[in-house]
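Colleague: Okay, handing you the structure first.
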Amino acid sequence: MTVVNDTPRRQALDRALSALEWTLVESCGVELEAGRAIERSDGPAGFVFVSTGLATLWVGDDDGIDVAEGDLVFLPRVHRYRLRAQTRTSAVRVSMVPTVDGRTSVNTLPAVMVVHRFSHHEPQVIALIEDMSAGCEPDGSTRPGDSIICSRIGTMVASVAVRRWFELGCAEAGWLRQVQDPHVSRAVDELHRDLGRAWTVDELARVAAMSRSAFAVRFRDLFGQPPVAYLAAARIDAAKRMLARGDTTVTEVSHRLGYGSDAGFSRAFQRHEGVSPARWRTARQESSDRLV
């Protein structure tokens with residue numbers, strides 16, 4: 001019999017979960033009759049737990065996901081979604097923001113993490129989620145310490161969801177490798193703190209306290225692409241969030257994200273999204289109008 005030592009795997013998961021710390025923004029219970037819907041536009045991270053009923057959840061422009069009683073959907077990053085009830089549905093909707101130290105782990109997670117039958121797998125957590133449906137909001141705290149306690153409950157629920165998602169085999173191959181290197185993680189955190197900076201591989205390697213060649217190889221092993229490509233994609237993701245808010249011009253977005261000109265920004269954006277920034281925002285607004 002072959003004995004597999006999974007200690008490194010467990011330690012890597014522990015590091016990933018320990019970095020996932022969240023601050024609660026709001027929480028509330030939702031009651032929907034069949035055919036009714038709610039929409040959240042460009043909200044922070046968070047999760048939706050279906051207490052009863054059957055519904056369909058659309059996240060961004062992706063296809064709808066059917067969610068039923070006991071299912072939990074974790075959304076680790078800024079997103080927009082629409083929840084439409086197929087039958088009378090009760091749900092708990094929670095919004096959170098990650099701490100600065102948790103950004104690297106968050107960025108390795110997919111945009112949508114669905115854990116079907118979460119209540120079956122993690123029954124001990126459900127009472128805490130249901131308590132949050134009463135409106136566990138820091139600004140509306142009625143008892144001292146509510147803001148801290150509610151944020152810790154949200155952090156615990158998110159961590160349990162990620163662990164169950166991982167245990168169910170939903171994680172992509174190599175996901176843990178992306179969060180088990182603290183040196184590269186430190187460089188990625190700095191990159192996200194200042195996306196407008198003209199980062200070079202040499203500078204990122206210095207932040208990681210590694211040689212340039214070792215850093216470049218390790219980064220590619222962990223993230224599947226070189227640092228320059230990762231930075232380009234991170235800038236486009238940030239640009240989309242800024243453009244979607246509608247209160248920032250293309251020129252302002254270009255300047256904040258370190259592009260030398262509007263033309264350069266537009267070319268980079270079109271390479272990633274297939275359309276110009278202005279057209280992307282127009283299509284995004286039209287799509288939101290149709291969902292209302």
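When we follow UniProt numbering, the leftmost residue of the sequence shown carries the number 1, and every step to the right adds one. Virtual Cβ for every residue (Gly too), placed ideally from N, Cα, C. Since we're looking at a predicted model, the values are computed, not measured.
#1: Put residue 40 into one of helix, strand or coil per three-state DSSP.
#2: Residues bridged to residue 115 by DSSP?
#3: Let me check understanding here. Comparing Cα to Cα, which of 264, 208, 268, 248 lies closest to residue 232?
#4: Taking the C-alpha atoms as reference points, what is the distance between residue 204 and residue 252?
#5: Would you mind reading off the limits of the alpha helix (DSSP H) that contains residue 123?
#6: Can you look up residue 31 in the DSSP assignment and give me helix, strand or coil?
#7: Please say whether residue 109 and residue 93 have beta carbons closer to each other than 9 Å?
#8: Kindly provide the ranges of any alpha helix (DSSP H) runs that are 4 or more residues long and lie completely inside the segment 244 to 269, ordered along the chain.
#9: In the DSSP assignment, what residue or residues form a beta bridge with residue 277?
#10: Go through its chain and collect everything with a Cβ distance to residue 217's Cβ below 8 Å, but skip five positions before and after it.
#11: Between the beta-carbon of residue 113 and the beta-carbon of residue 44, is there less than 9 Å?
#12: Once DSSP output is grouped into helix, strand and coil, what is the label at residue 189?
#13: Counting only the same chain and skipping the five closest in sequence on each side, list residues whose C-beta sits under 6 Å from that of residue 119.
#14: Could you give the first and the last residue of the continuous alpha helix (DSSP H) run that contains residue 154?
#15: In whole angstroms, what separates the C-alpha of residue 161 from that of residue 61?
#16: If you draw a straight line from the alpha carbon of residue 138 to that of residue 149, how long is it in whole angstroms?
#17: Residue 265 to residue 279, Cα distance in whole Å?
#18: Between residue 154 and residue 22, which are expected to be in contact by the criterion C-beta below 8 Å, what is the C-beta distance as a whole number of angstroms?
#19: Within 10 angstroms of the Cβ of residue 20, are there 16 or more other Cβ atoms? Answer buried if so, exposed if not.
#20: DSSP three-state label for residue 239, please.
#21: Beta-carbon separation of residue 90 and residue 27 under 9 Å?
Modeller: In short:
#1: Along the sequence shown, one-based indexing puts residue 40 at 40. Three-state result, residue 40: strand.
#2: For the purposes of this step, residue 115 is taken as residue 115 along the sequence shown, with counting starting at 1. Answer is 72.
#3: As a working mapping, residue 232 is identified with position 232 in the sequence shown. 268 is the residue among 264, 208, 268, 248 whose C-alpha sits nearest the C-alpha of residue 232.
#4: Mapped onto the sequence shown, residue 204 falls at position 204. Mapped onto the sequence shown, residue 252 falls at position 252. If I take the Cα positions, the gap works out to 25 Å.
#5: Indexing the sequence shown from 1 puts residue 123 at position 123. Element bounds for residue 123: 123 to 132.
#6: Residue mapping note: residue 31 aligns to position 31 of the sequence shown, counting from 1. Collapsing the DSSP output to three states places residue 31 in a strand.
#7: Position 93 of the sequence shown, counting from 1, holds the residue named residue 93. Position 109 of the sequence shown, counting from 1, holds the residue named residue 109. The beta carbons of residue 93 and residue 109 sit no closer together than 9 Å.
#8: Counting whole runs of 4 or more residues, the segment 244 to 269 contains the alpha helix (DSSP H) stretches 250 to 256.
#9: The count along the sequence shown starts at 1 and reaches residue 277 at position 277. None; residue 277 has no bridge partner.
#10: Taking the first residue of the sequence shown as position 1, residue 217 is located at position 217. Only residues of its own chain outside the window of five on either side were considered, and among them none has a CB closer than 8 Å to the CB of residue 217.
#11: Counting from one through the sequence shown, the residue named residue 113 turns up at place 113. Counting from one through the sequence shown, the residue named residue 44 turns up at place 44. Not a contact, by the Cβ cut-off of 9 Å.
#12: Sequence index remark: in the sequence shown, residue 189 carries index 189 (1-based). Correct three-state label for residue 189: helix.
#13: For the purposes of this step, residue 119 is taken as residue 119 along the sequence shown, with counting starting at 1. Here the set comprises 70, 126.
#14: What you label residue 154 is simply residue 154 of the sequence shown in a count that begins at 1. For residue 154, the enclosing alpha helix (DSSP H) starts and ends at 146 to 167.
#15: Working through the sequence shown from its first residue, we reach residue 161 at position 161. Working through the sequence shown from its first residue, we reach residue 61 at position 61. About 23 Å.
#16: As a position in the sequence shown, residue 138 is number 138, starting the count at 1. As a position in the sequence shown, residue 149 is number 149, starting the count at 1. Low confidence applies to residue 138: its pLDDT is 49, below 50, so where it sits in the model is not reliable enough to give any reading.
#17: Taking the first residue of the sequence shown as 1, we reach residue 265 at position 265. Taking the first residue of the sequence shown as 1, we reach residue 279 at position 279. When rounded, the distance between both Cα atoms is 13 Å.
#18: Taking the sequence shown and counting its residues from 1, one reaches residue 154 at position 154. Taking the sequence shown and counting its residues from 1, one reaches residue 22 at position 22. Between residue 154 and residue 22 the beta-carbon gap is near 5 Å, inside 8 Å, which marks them as a contact.
#19: Mapped onto the sequence shown, residue 20 falls at position 20. Buried.
#20: Locating residue 239 in the sequence shown gives position 239, where the first residue counts as 1. If DSSP states are grouped into helix, strand and coil, residue 239 belongs with the helices.
#21: Locating residue 90 in the sequence shown gives position 90, where the first residue counts as 1. Locating residue 27 in the sequence shown gives position 27, where the first residue counts as 1. No, the Cβ-Cβ distance between residue 90 and residue 27 is not below 9 Å.
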